[in-house]
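Undergrad: Input: one structure, supplied below.
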């Protein structure tokens, strides 16, 4: 019986398995393969070497890596603070009005990320919507807000907000209202209810949202390019440069492998703490 | 157990709660005495859950006042009232152990860890749970054990009044019967005021010192279990306990009552109706006897035995009298021995019947 079920499950998942093998696993294998080929070559049929990794360690790539991880971390922290109250209200307070917010937030995803970021460039640039408006109406002179780290973080927060918001809403919605009432009946203040009941029980949603945004931010580069004006070179930027201008596929591959492994570690430690079945409602 | 000399713990005056146009509670007046076990009984939609939410402090009345030992507490939130509720769902914290659940209120009150632990273990043994359950996850406890943990958690900070929102309703019959008695024992041991709500008058009878019957946002009757059973004020209360024989009657002369639904007259109990007035005659199934030939009773009816139902220690019969089905209950050893469908005489003594006001 068990094996029968296993067989059915395998057959059902076969199409997806084939697709994933072709478009996800195969390219990854190619990347891993190229990462151990000699620099600036275009064949996978050579003797493996670790020289690309040596290059990464010896040069200043660690800076890009730190920037990527640092920006991601800052973005996750800001998103948690910004999204938690809204997510709480959507799950517990707004009722059907929460659906309106959901639609509005999802609508922003229908417009390409680059176009939305260019919109912010027009708003934040010197003489743009914001500084021009302030000058015309209030006579306040201000410099461009673009091309610095805060602008990049702002862009990351803006673009990846939905990926934090929705897992948080799901997580908070899993906290039964009666537990909160029981805690307050036992004498807990609002803050204590949040610390003792809401946060621990919504933790799966919080972890999933944080991990999702962290992973996406670590691989992002449009924000640092458009809003940061290349003031900061992030890891994804380095990888793109290596593959295109540098024509150094092995180096680009090696950089990718480093990023993949680091993020893989983060994901592993986070997912180990999360019961995905519970989030999907299968208890 | 008359409560008149006792202190009033909780006094409700004119409690009204409206949700938009709908009135869930219409001017409830009730005194809850210190140390009593009072049960508020009503069918679903009678407003009992709304009432208990106001008493606990999770909601505010639209009008009226709640006094706790003379102090008006309408606007005091649940977290600052010296009362506690055991929820229908129990609402145990699934991410905490049994010990942590019980200690929750003490931790909030900044009680030292050692004292907390001592109190939790004390409660664990009061509720007949093994001491090693202190470190067990609540999600691994059985339904009955979770009930006990929920009660221990509510008792931990020594609240003056405990409220219960049908916590036993999800359990199977036998466990429920055990826990009903256990709850009454705990009430005796702690001496606290217990306010329990349920839709089951039977459950209320087992546990309560007093019972308040609710219907449509109003209290129909308050009294001890004997009063509720023997002297219901109207048809609704009389029927709440289960099957009861009710006859529409009109008072004739000479202490007789004429049945209006079929041809017959009954002897009228004392302080009954004025001549010409209509009312309802109530006869509990267990006071009706099967009469032997020539045996006398104040009221006698002739009918046919329609069917019999075994109820454990008792047997119930449905007897058809002139198109109306009567319910008769006998102890197993006094059971009816004749055949079904045979003609029998049944009767009761006038002091075992009671006249209720006619429904308007």
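Chains as they are written, first to last, in our numbering: chain A, 1 to 283; chain B, 284 to 643.
In this text, a Cβ means the ideal position worked out from N, Cα and C, and glycines have one as well.
Along the chain, where does the beta strand (DSSP E) that runs through residue 530(B) open and close?
TA: The residue given as residue 530(B) occupies position 247 in the second chain. Here the beta strand (DSSP E) through residue 530(B) covers 528 to 534.
Undergrad: So is residue 188(A) in contact with chain B if we call contact Cβ pairs under 8 Å?
TA: The residue labelled residue 188(A) in the question sits at position 188 within the first chain. Yes, contact with chain B.
Undergrad: For residue 470(B), report the span of its alpha helix (DSSP H) as first-last.
TA: Here residue 470(B) corresponds to residue number 187 of the second chain, with the count starting at 1. 456 to 473 is the extent of the alpha helix (DSSP H) around residue 470(B).
Undergrad: Checking contacts by CB at 8 Å: is residue 270(A) closer than that to chain B?
TA: As a position in the first chain, residue 270(A) is number 270, starting the count at 1. Closer than 8 Å: no.
Undergrad: Would you say residue 392(B) reaches chain A, if we count a Cβ-Cβ gap shorter than 8 Å as a contact?
TA: Along the second chain, read from residue 1 onward, the residue named residue 392(B) stands at position 109. Yes, residue 392(B) lies at the interface with chain A (some Cβ there is under 8 Å from its Cβ).
Undergrad: With respect to the beta strand (DSSP E) encompassing residue 626(B), which residues constitute its N-terminal and C-terminal limits?
TA: In the second chain, counting from the first residue as 1, residue 626(B) sits at position 343. It spans 626 to 631 - the beta strand (DSSP E) in which residue 626(B) sits, taken as one unbroken run.
Undergrad: Give me the chain B residues within the contact set of residue 192(A), using Cβ-Cβ distance strictly less than 7 Å, ordered along the chain.
TA: Within the first chain, numbered from 1, the residue matching residue 192(A) stands at position 192. Residues of chain B passing the Cβ test: 391.
Undergrad: Could you check if residue 6(A) is buried or exposed, using at least 16 other CB atoms within 10 Å of its CB as the buried criterion?
TA: For this step, residue 6(A) is matched to residue 6 along the first chain. Label assigned to residue 6(A): exposed.
Undergrad: Three or more C-beta pairs closer than 8 Å, one from the segment 289 to 300 of chain B and one from the segment 456 to 465 of chain B: is that the case here?
TA: Result no; under three Cβ-Cβ pairs closer than 8 Å.
Undergrad: What are the partner residues of residue 448(B), as DSSP defines its beta bridges?
TA: The sequence position of residue 448(B) within the second chain is 165, counting from 1. In DSSP, residue 448(B) forms a bridge with 480(B).
Undergrad: Please go through the segment 99 to 127 of chain A and give each complete alpha helix (DSSP H) segment of 4 or more residues, from N-terminal end onward.
TA: Runs of the alpha helix (DSSP H) lying entirely within the segment 99 to 127 of chain A, each at least 4 residues long, are 113 to 124 in chain order.
Undergrad: For residue 472(B), does the count of other Cβ atoms within 10 angstroms reach 16, so buried, or fall short, so exposed?
TA: The count along the second chain starts at 1 and reaches residue 472(B) at position 189. Looking at its Cβ environment, which holds fewer than 16 other Cβ atoms inside 10 Å, residue 472(B) is exposed.
Undergrad: Any heavy atom of the ligand FAD inside 7 Å of the beta-carbon of residue 331(B)?
TA: This structure lacks the ligand FAD, and indeed carries no ligand of any kind.
Undergrad: So the beta strand (DSSP E) residue 348(B) belongs to, where does it begin and stop?
TA: The residue given as residue 348(B) occupies position 65 in the second chain. Residues 346 to 351.
Undergrad: Answer yes or no: does any C-beta atom of chain B fall closer than 8 Å to that of residue 237(A)?
TA: One-based indexing of the first chain puts residue 237(A) at position 237. It does not: the Cβ of residue 237(A) has no partner Cβ on chain B nearer than 8 Å.
Undergrad: Inspect the CB distances between the segment 167 to 183 of chain A and the segment 109 to 121 of chain A and report whether three or more fall short of 8 Å.
TA: no
Undergrad: When the Cα of residue 230(A) is compared with those of 270(A), 152(A) and 105(A), which residue comes out closest?
TA: To locate residue 230(A), count along the first chain from 1; it is residue 230. Among 270(A), 152(A) and 105(A), the Cα nearest to that of residue 230(A) belongs to 152(A).
Undergrad: Which whole-angstrom value is the C-beta distance of residue 202(A) and residue 221(A), which I expect to be below 8 Å?
TA: Position 202 of the first chain, counted from the first residue, corresponds to residue 202(A). Position 221 of the first chain, counted from the first residue, corresponds to residue 221(A). Not a contact, Cβ separation roughly 31 Å.
Undergrad: Between the segment 394 to 412 of chain B and the segment 327 to 338 of chain B, are three or more C-beta pairs nearer than 8 Å?
TA: no
Undergrad: Mind checking if residue 184(A) is an interface residue toward chain B, Cβ cutoff 8 Å exclusive?
TA: Residue mapping note: residue 184(A) aligns to position 184 of the first chain, counting from 1. Closer than 8 Å to some Cβ of chain B, the Cβ of residue 184(A) qualifies, so yes.
Undergrad: Measure the Cβ-Cβ separation of residue 631(B) and residue 579(B) and say whether it is below 8 Å.
TA: Start at 1 with the first residue of the second chain, and residue 631(B) comes out as number 348. Start at 1 with the first residue of the second chain, and residue 579(B) comes out as number 296. Not closer than 8 Å, so no.
Undergrad: Please state the DSSP three-state secondary structure of residue 406(B).
TA: What you label residue 406(B) is simply residue 123 of the second chain in a count that begins at 1. Residue 406(B) falls in the helix class under three-state DSSP.
Undergrad: In the structure shown, what three-state DSSP assignment does residue 92(A) receive?
TA: Your numbering for residue 92(A) matches position 92 in the first chain. Reduced to three states, the DSSP call for residue 92(A) is helix.
Undergrad: Give the straight-line distance between the Cα atoms of residue 366(B) and residue 78(A), rounded to the nearest whole angstrom.
TA: Counting from 1 along the second chain, the entry for residue 366(B) is found at position 83. Counting from 1 along the first chain, the entry for residue 78(A) is found at position 78. About 40 Å.
Undergrad: Are there three or more Cβ pairs, one per stretch, closer than 8 Å when the segment 189 to 209 of chain A is compared with the segment 27 to 34 of chain A?
TA: Cβ pair count under 8 Å is below three, so no.
Undergrad: Applying the 10 Å Cβ sphere with the 16-neighbour rule, what's the burial state of residue 528(B)?
TA: Your numbering for residue 528(B) matches position 245 in the second chain. Counting Cβ neighbours within 10 Å, residue 528(B) comes out buried, since at least 16 surround it.
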